[in-house]
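J.: Structure provided below as structure tokens; questions to follow.
Written out as structure tokens, the structure is:
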């Protein structure tokens with residue numbers, strides 16, 4: 001499937017210490033939700049921070065909304081106004097700010113910040129409950145989950161076209177994760193022109209599967225797989241088999257884990273014929289099975305080198 | 306529409322099946338638009354890409370047509386042509402059955418009786 005891109009990254013390179021981020025090309029599709037998936041330290045946060053402009057120095061180019069450069073992001077209010085970012089940093093809002101102050105500061109920072117909407121979302125997410133004493137609460141008094149809700153309310157109270165979210169689901173309880181998914185789907189559906197996009201990183205792949213359209217799997221600073229989820233589900237098959245076939249299957253499967261009774265793992269669909277004659281069961285992989293299999297394949301590769 | 310996350314039938318297939326039924330039984334009329342992709346994804350709590358895949362399947366079956374920027378509308382269903390298509394599918398399936406019956410060395414009457422039994426079971 002082809003889609004216009006909301007953000008294009010070309011030949012991105014950044015080095016610090018032993019870590020190197022090396023991205024040839026990513027086109028984040030416009031009008032869709034994209035998940036960045038990968039192990040801790042794979043480079044997801046770095047990439048999101050580069051796009052958001054928090055980390056600025058790197059090689060290569062990032063293009064915004066089809067035709068704006070990184071310079072435009074700093075100088076052209078259109079780009080700044082239309083991107084909402086939520087990070088994992090506890091001090092995104094200063095700890096001593098009250099909720100009331102977070103609202104005042106965001107209305108100074110962003111022309112399109114809707115203070116009433118902000119209050120409404122905070123009430124809806126039960127961060128506040130309509131009493132004025134709540135508004136005097138300090139950021140430092142909030143739980144991790146409520147701090148995420150505060151950032152979420154902040155970006156949703158603006159008229160943006162792109163949300164960049166670093167691990168939004170991690171500190172949330174199951175009910176709130178479900179709510180987050182609904183809010184993201186609502187956000188994407190809220191434009192007649194289909195031009196609202198979300199890019200988020202996550203370890204909670206199963207919880208986020210039903211709001212993931214495009215998946216990018218990053219390992220050791222490089223993209224090891226990317227594509228629309230429905231296309232990846234055709235590219236790979238999930239296979240379960242008997243112990244007796246394990247040795248033969250090992251050479252064909254993309255990734256294989258073994259237990260006392262048999263094996264299971266991902267197989268490229270184009271290789272499935274090579275398993276002919278084996279006693280296997282095949283299913284369409286879930287996004288979680290896909291991601292874990294691909295991540296494991298690359299982690300393993302490293303240990304072989 | 307009932308969507309089951311773990312019925313074994315892919316979600317896009319469940320959505321395509323539902324709308325195929327709605328179209329063929331004319332509950333969604335000719336030239337009417339299917340619900341917007343992102344709106345349906347929101348309602349059903351599924352991803353946008355899954356909804357697109359369902360609609361693309363209906364498009365490949367000739368039931369709907371995509372219009373850039375507007376969505377998918379229901380084609381005029383040529384009932385004669387649809388019937389024709391289905392007859393062709395029946396013929397293909399029967400040809401397969403005949404082929405396998407030969408391999409299994411089934412007699413013609415055994416094959417016909419199997420068909421009759423299966424019809425009874427289905428009814």
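Protein chains in written order, with the numbering used here: chain A, 1 to 305; chain B, 306 to 428. Even glycine gets a Cβ: it sits at the ideal position worked out from N, Cα and C.
Where in the stretch 345 to 385 of chain B do unbroken runs of the alpha helix (DSSP H), each at least 4 residues long, occur, reported from the N-terminal end onward?
T.: You should have 353 to 365.
J.: For residue 45 of chain A, report the span of its alpha helix (DSSP H) as first-last.
T.: Unbroken alpha helix (DSSP H) run through residue 45 of chain A: 44 to 52.
J.: Using a Cβ cut-off of 8 Å (strictly closer), state whether residue 351 of chain B contacts chain A.
T.: At least one chain A Cβ lies under 8 Å of residue 351 of chain B.
J.: Beta-carbon of residue 189 of chain A versus every beta-carbon of chain B: anything under 8 Å?
T.: Closer than 8 Å: yes.
J.: Kindly indicate which residue of A:86, A:125, A:154 and A:75 has the alpha-carbon position closest to the one of residue 105 of chain A.
T.: Of the listed residues, the one whose Cα sits closest to residue 105 of chain A is A:154.
J.: Hey, residue 30 of chain A and residue 197 of chain A: beta-carbon distance below 8 Å or not?
T.: Cβ distance < 8 Å, so residue 30 of chain A and residue 197 of chain A count as in contact.
J.: Using beta carbons (cut-off 8 Å, strictly below), is residue 272 of chain A in contact with chain B?
T.: False, the Cβ-Cβ gap to chain B never drops below 8 Å.
J.: Among all the DSSP beta bridges, which residues are the ones paired with residue 228 of chain A?
T.: In the DSSP output, where bridge partners are listed per residue, residue 228 of chain A has A:214.
J.: Who are the neighbours of residue 182 of chain A on chain B, taking C-beta pairs under 9 Å?
T.: Under the 9 Å cutoff, chain B gives 347 and 350.
J.: Within the 8 Å Cβ cut-off, does residue 32 of chain A reach chain B?
T.: Yes - at least one Cβ of chain B is within 8 Å of the one on residue 32 of chain A.
J.: Which residues, in chain order, does the stretch 225 to 244 of chain A contribute to contact with chain B at a C-beta distance below 7 Å?
T.: Against chain B - using a Cβ distance shorter than 7 Å - the residues of the stretch 225 to 244 of chain A are 228, 229 and 230.
J.: Considering only DSSP beta bridges, list what residue 267 of chain A is partnered with.
T.: DSSP output for residue 267 of chain A lists A:237 as bridge partner(s).
J.: Quick one, which of A:238, A:135 and A:46 has its alpha-carbon nearest residue 87 of chain A's?
T.: Checking every option, the nearest Cα to that of residue 87 of chain A belongs to A:46.
J.: Three or more beta-carbon pairs under 8 Å between the stretch 184 to 199 of chain A and the stretch 134 to 147 of chain A, yes or no?
T.: These segments do not touch.
J.: Can you confirm whether residue 370 of chain B, when its beta carbon is compared against all beta carbons of chain A, has any partner nearer than 8 Å?
T.: So no, residue 370 of chain B is outside the interface.
J.: May I have the straight-line CA-CA distance separating residue 166 of chain A from residue 185 of chain A, to the nearest angstrom?
T.: So the two alpha carbons sit approximately 17 Å from each other.
J.: Does the beta-carbon of residue 391 of chain B have 16 or more other beta-carbons within 10 angstroms, so that it is buried, or is it exposed?
T.: Answer is exposed; the Cβ neighbour count stays below 16.
J.: By Cβ distance below 8 Å, which residues in the same chain neighbour residue 173 of chain A in space, the five residues on each side in sequence not counted?
T.: So the qualifying residues of the chain are 145.
J.: Based on the DSSP secondary-structure assignment, which residues constitute the bridge partners of residue 162 of chain A?
T.: Looking at the DSSP assignment, residue 162 of chain A forms a beta bridge with A:83 and A:197.
J.: Skipping 5 residues on each side, what residues in its chain have a beta carbon closer than 8 Å to that of residue 16 of chain A?
T.: Once the five neighbours on either side are set aside, residue 16 of chain A has no close Cβ partner at all.
J.: Taking the beta strand (DSSP E) that residue 29 of chain A belongs to, which residues open and close that run?
T.: Note, residue 29 of chain A: beta strand (DSSP E), 19 to 29.
J.: Rounding to the nearest angstrom, what Cα-Cα distance links residue 111 of chain A and residue 134 of chain A in this structure?
T.: Taking the straight line from one Cα to the other gives about 25 Å.
J.: Can you find at least 3 beta carbon pairs, one from the stretch 261 to 269 of chain A and one from the stretch 237 to 245 of chain A, that sit closer than 8 Å?
T.: Yes, they touch.
J.: To which residues does DSSP link residue 127 of chain A through a beta bridge?
T.: According to DSSP, which records beta bridges pairwise, residue 127 of chain A is partnered with nothing at all.
J.: In three-state DSSP terms, what is residue 304 of chain A?
T.: The predicted position of residue 304 of chain A is uncertain, since its pLDDT is 39 and thus under 50; no value can be drawn from it.
J.: Under 7 Å between beta-carbons, which chain A residues line up against residue 343 of chain B? List them in chain order, please.
T.: Chain A residues near residue 343 of chain B: 188, 189 and 194.
J.: Please check if any C-beta of chain B sits within less than 8 Å of the C-beta of residue 199 of chain A.
T.: Not an interface residue.
J.: With 8 Å set as the bound, which would you pick, yes or no: does the beta-carbon of residue 355 of chain B sit closer than that to a beta-carbon of chain A?
T.: Yes, because at least one Cβ of chain A sits closer than 8 Å to the Cβ of residue 355 of chain B.
J.: At the 8 Å Cβ level, is residue 213 of chain A part of the contact set with chain B, yes or no?
T.: With 8 Å as the cut-off, residue 213 of chain A counts as an interface residue toward chain B.
J.: Identify, in the order they occur along the chain, each residue of the same chain with its Cβ nearer than 6 Å to the Cβ of residue 179 of chain A, setting aside the five sequence neighbours on each side.
T.: So the list is empty, once near-sequence residues are dropped.
J.: Drop a sphere of 10 angstroms on the beta-carbon of residue 420 of chain B, count the other beta-carbons inside from all chains shown, and report buried for 16 or more, exposed for fewer.
T.: Per the 10 Å Cβ criterion, exposed.
J.: Is there a Cβ from chain A that is less than 8 Å from the Cβ of residue 375 of chain B?
T.: Chain A, which has no Cβ nearer than 8 Å to the Cβ of residue 375 of chain B, makes this no.
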